[in-house]
Amino acid sequence: MEIVLFEELASTQRYLTQQIKAKKLNAPVAVRVKKQTQGVGSRDNGWESDEGDLLFSFALNIDTLPLDLPLSSTSIYFAYLMREILDTKPCDKVWFKWPNDIYVKNLKIGGVITQKVGEILICGMGINLTPKVSFGYLDTDKSAQVIFLEYLKAFLNPPSWNDIFSKYRIEFYKNKSIFSHIDGHYVDLKDAILQDDGSLIINNKRVYSLR
């Protein structure tokens, strides 16, 4: 995978999307930045970050993804893969909140967004590695660059969706005490039923992880 590093960008996600559309960069490629000034979160919200946090986006050809991976659940797949790399200290209790957030205990430390451009999937990710006022952060001895390279290495032999989902299913109970933003509303997940494709059944309605 080609790796492009910057000292500063407005947004790795916007930059990579523009470069892919203009055919100036080709998948597979990853873009990491030390400082991001206009980070993008889910639902087009901003993502505040500081130098030292892990901030990157990557693009993969869809036909190189695991054959059993539902495109509607790529955010779950990519986020849980990162969760496994980050969860090196049991005391940190890193877990994944449906559909695209990474938490330590009860505080959000990161998130994932994905978008499709033709037959290419572009994923953006931000992980707090420095202390924040309103959010959590991961207390780790690993640098952003080390975590970044470990994450990309996972795609040399990516796990199947079934491998990832079987682990996430066991941990999904942690979502039962929280609310998730769905279709413009905060929805209680206490009665949500996780489906094999990563979607949820809530009040007899199927909801997908489209972020």
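Residue numbers for the sequence shown follow our numbering, so the first one is 125 and each next one is one higher.
Virtual Cβ for every residue (Gly too), placed ideally from N, Cα, C.
Please report the straight-line C-alpha distance between residue i and residue j, rounded to a whole angstrom.
i       : j       : result
Asn-328 : Ser-267 : 44 Å
Ser-181 : Glu-126 : 12 Å
Lys-291 : Ile-226 : 15 Å
Ile-326 : Thr-198 : 20 Å
Gln-239 : Val-270 : 25 Å
Ser-284 : Ala-278 : 11 Å
Arg-167 : Val-236 : Reliability of the predicted coordinates at Arg-167 is poor, the pLDDT of 48 falling under 50, and no value is obtained from them.
Asp-312 : Phe-303 : 4 Å
Leu-189 : Tyr-297 : 27 Å
Pro-255 : Lys-229 : 15 Å
Val-257 : Leu-195 : 34 Å
Leu-262 : Leu-253 : 5 Å
Glu-274 : Ile-209 : 7 Å
Leu-280 : Tyr-201 : 15 Å
Thr-264 : Leu-205 : 17 Å
Ala-348 : Arg-293 : No answer is possible for residue 348: it lies beyond the span of the chain, which begins at 125 and ends at 335.
Under a Cβ-count criterion, where at least 16 other Cβ atoms within 10 Å of its own Cβ denotes burial, should residue i be classed as buried or exposed?
i       : result
Ile-317 : exposed
Ile-288 : buried
Gly-234 : buried
Asn-224 : buried
Ala-146 : exposed
Val-248 : According to the sequence as given, residue 248 is Gly; it is not Val. Buried, since its Cβ has 16 or more Cβ neighbours within 10 Å.
Leu-193 : buried
In three-state terms, what does DSSP make of residue i?
i       : result
Leu-184 : strand
Lys-277 : helix
Val-160 : Checking the displayed sequence, the identity of residue 160 turns out to be Gln instead of Val. Strand.
Tyr-261 : coil
Glu-131 : strand
Gln-239 : strand
Ala-268 : helix
Ala-316 : coil
Leu-149 : coil
Arg-167 : Bear in mind that the predicted position of Arg-167 carries a pLDDT of just 48, short of 50, making it too unreliable to give a figure here.
Ser-301 : helix
Asp-287 : helix
Got a sec? Which residues, its chain only, sit under 6 Å from residue i by beta carbon, not counting five neighbours each side?
i       : result
Gln-162 : Ala-134 and Ser-135
Leu-149 : Gln-143
Arg-207 : Val-218, Phe-220 and Ile-226
Tyr-310 : Phe-303
From the options, pick the residue whose C-alpha is nearest to that of residue i; which is it?
i       : options                               : result
Lys-300 : Trp-219, Glu-243 and Leu-245          : Trp-219
Val-96  : Lys-148, Ala-151, Arg-156 and Gln-143 : A query on residue 96 cannot be resolved here, the shown segment of the chain reaching from 125 to 335 and no further.
Asp-174 : Leu-184, Lys-159 and Asn-185          : Lys-159
Leu-179 : Asp-315, Asp-187 and Leu-140          : Leu-140
Ile-186 : Leu-245, Ile-306 and Ile-294          : Leu-245
Lys-314 : Ala-203, Tyr-201 and Trp-222          : Trp-222
Val-241 : Leu-184, His-309 and Phe-130          : Leu-184
Asp-177 : Leu-191, Leu-193, Phe-272 and Asp-192 : Phe-272
Note down, in chain order, each residue of its chain lying with its Cβ closer than 8 Å to the Cβ of residue i, except the 5 sequence neighbours on either side.
i       : result
Arg-330 : Gln-319, Ser-323 and Leu-324
Can you find a CB in chain D that lies within less than 8 Å of the CB of residue i?
i       : result
Thr-198 : Considering every chain present, this structure includes no chain D. It has just one protein chain.
For residue i, which residues in the same chain have their Cβ closer than 7 Å to its Cβ, ignoring the five residues on either side in sequence?
i       : result
Leu-231 : Phe-259 and Gly-260
Ile-306 : Val-331
Glu-131 : Lys-158 and Lys-159
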